[in-house]
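Going down the list, the protein sequences come from chains L and E. The number in this note's numbering is simply the position in the first sequence, starting from 1, with 7 added. The number in this note's numbering is simply the position in the second sequence, starting from 1, with 7 added. Notes follow once the structure below has been shown.
2 protein chains.
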Amino acid sequence: MDKQYKAHELAKGQRDISIAEFFERNRHLLGFDNKRKALLTTIKEAVDNSIDACEESEILPEIIVEIIDMGNDKYRVVVEDNGPGIVKEQIPKIFAKLLYGSKFHKLKMQRGQQGIGISAAVMYAQLTTGKPARITSKIHKDEPALYMEVKINTDTNNPEVLSSENKEWYKEQGTRIEIDLEATYFKGKQSVDEYLKQTAIINPHVTIIYQPPKGDQIMLVRVSEEKPVLPNEIKPHPYGVELGMLMKMLEKTQTKTVKQFLREDFSKVGNKTAEDILENAGILSKTKPKQINRDMAERLIKGIRETKIMMPPTDCIVPIGADLLEKGLKKEVNAEFYATVSRSPNVYRGNPFLVEASLAFGGMIEKEGSVELMRFANRVPLLYQQGGCGFTEGVVKTGWKSYGIQQSNGSMPQGPVVLVLHIASVWVPFTSEAKEAIAHYPEIIKEVKLAIQELGRDLGKYINKKKKVGAELKKRSYIETYIPHITEALTELIDKPEEKDSLSKNLSVLLEKQRGEVESLDFDPTKNTEYDEELKKISMEEEYDEE
Amino acid sequence: MDKQYKAHELAKGQRDISIAEFFERNRHLLGFDNKRKALLTTIKEAVDNSIDACEESEILPEIIVEIIDMGNDKYRVVVEDNGPGIVKEQIPKIFAKLLYGSKFHKLKMQRGQQGIGISAAVMYAQLTTGKPARITSKIHKDEPALYMEVKINTDTNNPEVLSSENKEWYKEQGTRIEIDLEATYFKGKQSVDEYLKQTAIINPHVTIIYQPPKGDQIMLVRVSEEKPVLPNEIKPHPYGVELGMLMKMLEKTQTKTVKQFLREDFSKVGNKTAEDILENAGILSKTKPKQINRDMAERLIKGIRETKIMMPPTDCIVPIGADLLEKGLKKEVNAEFYATVSRSPNVYRGNPFLVEASLAFGGMIEKEGSVELMRFANRVPLLYQQGGCGFTEGVVKTGWKSYGIQQSNGSMPQGPVVLVLHIASVWVPFTSEAKEAIAHYPEIIKEVKLAIQELGRDLGKYINKKKKVGAELKKRSYIETYIPHITEALTELIDKPEEKDSLSKNLSVLLEKQRGEVESLDFDPTKNTEYDEELKKISMEEEYDEE
Chain L
8 MDKQYKAHEL AKGQRDISIA EFFERNRHLL GFDNKRKALL TTIKEAVDNS
58 IDACEESEIL PEIIVEIIDM GNDKYRVVVE DNGPGIVKEQ IPKIFAKLLY
108 GSKFHKLKMQ RGQQGIGISA AVMYAQLTTG KPARITSKIH KDEPALYMEV
158 KINTDTNNPE VLSSENKEWY KEQGTRIEID LEATYFKGKQ SVDEYLKQTA
208 IINPHVTIIY QPPKGDQIML VRVSEEKPVL PNEIKPHPYG VELGMLMKML
258 EKTQTKTVKQ FLREDFSKVG NKTAEDILEN AGILSKTKPK QINRDMAERL
308 IKGIRETKIM MPPTDCIVPI GADLLEKGLK KEVNAEFYAT VSRSPNVYRG
358 NPFLVEASLA FGGMIEKEGS VELMRFANRV PLLYQQGGCG FTEGVVKTGW
408 KSYGIQQSNG SMPQGPVVLV LHIASVWVPF TSEAKEAIAH YPEIIKEVKL
458 AIQELGRDLG KYINKKKKVG AELKKRSYIE TYIPHITEAL TELIDKPEEK
508 DSLSKNLSVL LEKQRGEVES LDFDPTKNTE YDEELKKISM EEEYDEE
Chain E
8 MDKQYKAHEL AKGQRDISIA EFFERNRHLL GFDNKRKALL TTIKEAVDNS
58 IDACEESEIL PEIIVEIIDM GNDKYRVVVE DNGPGIVKEQ IPKIFAKLLY
108 GSKFHKLKMQ RGQQGIGISA AVMYAQLTTG KPARITSKIH KDEPALYMEV
158 KINTDTNNPE VLSSENKEWY KEQGTRIEID LEATYFKGKQ SVDEYLKQTA
208 IINPHVTIIY QPPKGDQIML VRVSEEKPVL PNEIKPHPYG VELGMLMKML
258 EKTQTKTVKQ FLREDFSKVG NKTAEDILEN AGILSKTKPK QINRDMAERL
308 IKGIRETKIM MPPTDCIVPI GADLLEKGLK KEVNAEFYAT VSRSPNVYRG
358 NPFLVEASLA FGGMIEKEGS VELMRFANRV PLLYQQGGCG FTEGVVKTGW
408 KSYGIQQSNG SMPQGPVVLV LHIASVWVPF TSEAKEAIAH YPEIIKEVKL
458 AIQELGRDLG KYINKKKKVG AELKKRSYIE TYIPHITEAL TELIDKPEEK
508 DSLSKNLSVL LEKQRGEVES LDFDPTKNTE YDEELKKISM EEEYDEE
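Below you can see the structure in the form of structure tokens.
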């Protein structure tokens, strides 16, 4: 036998860690830090999946959400959709295996992207109540519905099917998930209610029928029958590809030559661009992809960087649009001024994205405290981790003072403003698996700042104008205070009590006329004697006119 | 053939996502957001592993860190230790497979805990430079060293060995990793230099020999030959176990009865406690673990919660200790006041942890700006994500004003303070896989606040005293200004120029005496005439004494 050293002893402890075990212990990374958030995260993952599935099948989504209080901090959550359903073989994996799904490998704008969310909810539910997830799925009106109970084996990250049977279901098609979990239900900020309301606002084609644990059913009925444009899937853009990724692509490609590889496996590379890249890289067009070694691949990267290539196609991301965004904000917030911008797409690490922003000012918005920020990513509301969000960095690093909004250095601006920010991308970079905040990519933060600046300029103009009008109104009100007294005096003076009403009216008209003409008319009615003079003169003219 | 519906079409897109692919795309979750951070994260993961390995083998760690600038934003990183080495079979998995290692399944205080870090660095290196990691390992002076080149297959999350051979190595034993990656090197805050310096301070038994890419080698020599106490591994504490986990443990246990299960698979459960739990749960002691169904398990959880159980053992966590922590801070910061506290262990979700805090005030510390916070977790410096850290929440939510430190509501306190916070735990909950910030568990935040309050009270007393002394000193300095003039006058008056020096000295002694006695003596030397009188009187007495 070989000699045994410390290294051998240590080797015995080494072993695989299942991703499910990992997240079981690190559940706060998935948004299950506490009972309150657990409820929100569970519903969010289920609803996002439902809307994604409906949209992909071009069905107008109708989502039923039900929360039932089972006592002792246990809740039953039911989410049901009218989507395409899920085939039998896929149900266990989709609901009870982390890192499984159809979205991760597609460069396409979708709500879900990781293949973690709903399985994480199932895992948390079984961890806290020991109960399996109950899934019902019906893929066509002519097919029976299927009912399944599934659990996740956290040691292996594989699903376990506890029961599987056909059953009657009133729906033509759809998916229903029912899970029991430890949770607490609150209303207000960061609540399920808030999430569903914001979801309805930002997805006007979605109907949500929501039964909270207490109180009446809430109907959030769609306001638009128009299905959103389906985003296209895209190929990676050359500018976003790094050496290691390129080498992996070269190894896997079905193409015969490196030129063909560039043209077919990337977006925005035509014949000419491919030739330019290869010339800049000093590589022959006919070289087989498999022949490209590390050094040649490095030259290829250099070639790509030195070649001007068109920006990625943008039909892979579908903006909400300025109109719709502003309409949504108006529904939510009663303000006096609104401005909205939908920026053109840009790219971070090869991924197209765009930023949209909408701003409401004044009116019924709380005057004290920080600007209220509503954040959305691929049409999903983000309710947690505002402090750690790239959006927030963009807001804080914009100079709001020049728009007439208070701000101390490096802080959130203060004042009656609600700001909506939306990022649409084929791959939204989140700061954690819980998908609560946007990572701090400089390209994204820059776009956020540019969007806010566009809105800010309009806001600044409005606030300036408002200040002027405000000053003007103040003056008018001084004068108006005196009109009854002057009327009284004049009536007595000319001794025509029957003219009192028309005199008062004429004085107001006069004020209107005068103030309208001379914007910066600056006199104090309590002191200025010319005022009375003028009033007299005009009122007499009016009298003559009437005769 | 069966009919094909939309669900079938969608099913075709469903597939497994490898954890490596997942993190390849979400690399910012692992601390590889940008080139600068990539360098720090790589070195941090390698150094943390090296120190862990040495400590576990009771070797005083001597770590060599070298950064070589290869041009074009490429750097070669070398980290070498004098640890136990790694056996051949384990090298590929440890360095080129995510979620693999010995630490995850142990409830024990260690720097590493996830089995992700170093493989993530290898993955990032190969992604950005296409090059494999080069590992050298020697497990004993009588064995040859082994040299291996490994890559990670991100499609499968499995290692690939490109080369493996024996070779000569000057060391008796140890591990050396060499990787090339895209990076940028900076000095200053959040730099490798800073991380290594802080590591040396908080680990006084570690020697680090550091060659930065520019400039001289930096030697951070150990100041203590004492190895830190080895923390013990513990079993889970009943209070931290949830239903799902309990059911999993019941399924896996080797024990024969539920009573035996409670006693042997948990910490702090003796015979009496086990009986109490079972009585509260209404379960018979002899019940076989496999017979416990979901409902009974739920009763068992209830039984546990209703039974008083001792806190977990605390020899699984080893504090740095108040002395050492303060010594470290003193080495780093030249201040006028220091205070340190090492709190007793507490528990979050069944995991023992403790918080230590050390504070420096005044002296050479920058007077303007926020309090400087230095954060450590299991003796590892945390340099990023301060804003999102539970430590920061604890600092911000403590009322600093009562200690004489400025603070606006909900903000970092302002003033000449450096605050060190350390959490030691068998499982540190981080906000992301990059392990940059502590998650916001209420139990942890509470301990942080209590620690700061302890220090704050002492600081408050010091600042108060300082204010008094300051006022006193100001008065003294007034008086002192006048001593030479008075001496001059008195000398002339008594016409004894030879006594001038002793007169001046006596006046100072008198001042000392008087001010020492009457702390709040409050007069203005420029106005008060009694002062001169008194001076005269005393100075004459002194004269007499001298004769």
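The beta carbon of each residue, even a glycine, is placed where N, CA and C say it ideally should be.
- For R183/L, the enclosing beta strand (DSSP E) has its first and last residue at 181-189.
- Against chain L, a Cβ distance below 8 Å from I146/E picks out Y12, K13, A14, H15.
- Distances from the CA of A441/L to each of Q393/L, L480/L, V402/L were compared; the closest alpha carbon is that of Q393/L.
- Counting C-beta pairs closer than 8 Å gives three or more between the stretch 325-342 of chain L and the stretch 361-374 of chain L, which meets the contact rule.
- Within the same chain, Cβ atoms closer than 6 Å to the Cβ of M130/L are found at I159, the five residues on either side in sequence being excluded.
- With a cutoff of 9 Å on beta-carbon distance, R312/E and Y246/E are scored as near each other.
- In this structure the stretch 233-241 of chain E does not touch the stretch 255-268 of chain E; the number of beta carbon pairs closer than 8 Å is below three.
- Within chain L, no residue has its beta carbon less than 7 Å from that of M303/E; the closest one is some 10 Å off.
- With contacts defined as CB atoms closer than 9 Å, E52/L and A128/L qualify as a contacting pair.
- Interface annotation, A60/E: in contact with chain L, CB-CB separation under 9 Å.
- Judged by pairs of C-beta atoms under 8 Å, the stretch 284-291 of chain L does not touch the stretch 332-344 of chain L, as fewer than three such pairs exist.
- Cβ neighbours of T494/L within its own chain (closer than 7 Å, five residues either side excluded): K507, L510, S511, L514.
- What L106/L touches in chain E, judged by beta-carbon distance under 9 Å, is D23, I24, S25, I26, E28, F29, going in chain order.
- E305/E counts as buried, since at least 16 other C-beta atoms from the protein chains shown sit within 10 angstroms of its C-beta.
- Listed along chain E are H35, D40, each with a C-beta nearer than 8 Å to that of A446/L.
- Exclusion of the five residues before and after E62/L leaves P68, K234, P235, L237 as the residues of its chain whose Cβ lies within less than 8 Å of its Cβ.
- Residue ranges of uninterrupted alpha helix (DSSP H) with 4 or more members, entirely inside the stretch 199-241 of chain E and ordered along the chain, are 199-209.
- Under the DSSP assignment, T135/L falls in the alpha helix (DSSP H) whose first and last residues are 124-136.
- The criterion of a C-beta distance shorter than 9 Å is satisfied by L114/L and V433/L.
- Within the same chain, I452, V455, K456, I459 come within 7 Å of G401/L by CB-CB distance, once the 5 residues on both sides are set aside.
- Residue-level contact by beta carbon fails for W176/E and chain L, as no gap is shorter than 9 Å.
- Y202/L is the residue among E232/L, I208/L, Y202/L whose C-alpha sits nearest the C-alpha of P219/L.
- Here V168/E carries a strand assignment [DSSP, helix/strand/coil].
- Interface criterion not met: the Cβ of L380/L is under 9 Å from no Cβ in chain E.
- Neighbours of F111/E in chain L, taken as residues at a C-beta separation under 9 Å, are given in chain order as R22, I24, E28, F29, R32.
- For E96/E, the nearest CB of chain L lies under 9 Å from its own CB, placing it at the interface with that chain.
- Near chain E, meaning a CB-to-CB distance below 8 Å, the residues of the stretch 51-83 of chain L are A60, E63, S64.
- Among the residues of chain L, those whose CB is under 7 Å from the CB of M252/E are L134, following chain order.
- Those residues of the stretch 245-277 of chain E placed with their C-beta closer than 8 Å to a C-beta in chain L are E249, L250, G251, M252, M254, K255, ordered along the chain.
- For A53/L, no beta strand (DSSP E) run applies; the uninterrupted alpha helix (DSSP H) run containing it begins and ends at 42-63, by DSSP.
- With at least 16 other beta carbons inside 10 angstroms of its own, Y410/E counts as buried.
- Cβ proximity to chain L below 9 Å picks out W434, P436, F437, T438, S439, E440 from the stretch 428-440 of chain E.
- Bounds of the beta strand (DSSP E) holding H429/L are 424-432.
- For Q413/L, the closest Cβ of chain E is not nearer than 9 Å.
- Fewer than three Cβ pairs drawn from the stretch 463-479 of chain E and the stretch 372-391 of chain E lie within less than 8 Å of each other, which leaves the two stretches out of contact.
- From the beta-carbon of A18/L, the residues of chain E found nearer than 9 Å are I93, V94, E96, Q97, S109.
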